[in-house]
Amino acid sequence: MSHIIGQGQCATCKIRHLSIFAELEDVLNEDIGSFRPSVMVFDTAETVYRQQVTANNAFTLRKGVVKLIKMLPNGRSQIIRLLRKGDLFGFDGFAGEAYNHTAIAVTNIEVCRLPLNELMALKKKNPEIEQAMMLRWIRSLREAEDMMLELGAKKAPERLASFLFKWCGESGSWQELPLSRLEMGELLGLTIETVSRFLSDWKRKGLINESRGSIQIADAASLRELVCMNGSC
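Using the UniProt record's numbering, you'd call the opening residue of the sequence shown number 1 and step up by one each time.
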């Protein structure tokens with residue numbers, strides 16, 4: 001069950017380097033330090049906010065993974081984005097809009113809840129904050145454009161490989177991947193059978209490894225050679 005566990009200290013927060021305040025000058029620390037968002041926790045599968053509900057708060061993800069889901073009138077849903085530590089979400093209210101999607105915790109999560117009325121007052125006083133928030137908004141739009149390209153221009157194995165490279169990076173280290181096959185398919189516009197078939201094939205060939213909700217790209221070069229046409233991944 002979600003609950004508040006304390007108040008955030010934005011000026012000294014350990015993830016400030018990932019937040020909207022990351023690149024702001026230290027002279028703003030006094031104003032930023034007076035901003036006290038609530039720190040909240042949500043359990044796995046718990047809803048942070050729902051589509052079409054009035055947007056009163058934005059959120060910064062401190063720990064865990066969140067999925068953003070768009071609901072269709074017929075009851076079907078589509079995962080439109082995955083969020084990780086440092087991501088800002090739920091800022092529809094800056095434009096006077098309701099939330100355009102539903103946010104659900106994929107794992108146990110910890111967030112900073114940012115009241116939009118207080119954040120609006122803070123950015124009116126400090127134009128630098130408004131610019132920082134606009135840059136985050138632009139980044140989100142670009143990520144949405146990239147996802148449209150993934151779904152429209154790439155074949156199934158290219159989509160799945162691209163997702164793994166973005167999630168795992170190039171280091172070859174193990175990364176937590178708390179998504180089911182069904183959720184990966186929902187994100188990438190693939191069936192669960194397609195996702196399972198390719199992952200199983202790549203495991204047999206030694207290209208990836210999986211273990212208890214974690215995944216590793218074991219042979220990035222070979223995976224790219226096998227799947228990624230003309231540098232598509």
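Where is the CB? At the ideal position from N, CA and C, for every residue including glycine.
For residue 228, same chain residues with a beta-carbon under 7 Å away, outside a window of 5 residues either side, are 158 and 161 in chain order. Excluding its 5 nearest sequence neighbours in each direction, residue 172 has C-beta neighbours in its own chain below 8 Å: 216, 217, 218 and 220, listed in chain order.
A distance below 6 Å between beta-carbons, with the five flanking residues on each side excluded, links residue 52 to the following residues of its chain, in chain order: 98. Counting only residues of its own chain and dropping the five nearest sequence neighbours on each side, residue 6 has a CB closer than 6 Å to the CB of 39. Comparing C-alpha distances from residue 66 to each of 57, 75 and 80 shows the shortest one belongs to 80. Taking all protein chains shown into account, residue 138 has fewer than 16 neighbouring C-beta atoms within 10 Å of its C-beta and is therefore exposed.
Restricting attention to 141, 55 and 179, the CA atom closest to the CA of residue 210 is found in 179.
With 16 or more other Cβ atoms inside 10 Å of its own Cβ, residue 90 counts as buried.
Collapsing the DSSP output to three states places residue 63 in a strand. Each residue's CA atom was taken as its position, placing residue 3 and residue 204 some 44 Å apart. Residue 133 and residue 206 have their C-alpha atoms roughly 42 Å apart. Fully contained in the segment 135-168 are the following alpha helix (DSSP H) runs of length 4 or more, in chain order: 156-168.
Runs of the beta strand (DSSP E) lying entirely within the segment 43-111, each at least 3 residues long, are 47-49, 57-63, 66-71, 77-83 and 102-105 in chain order.
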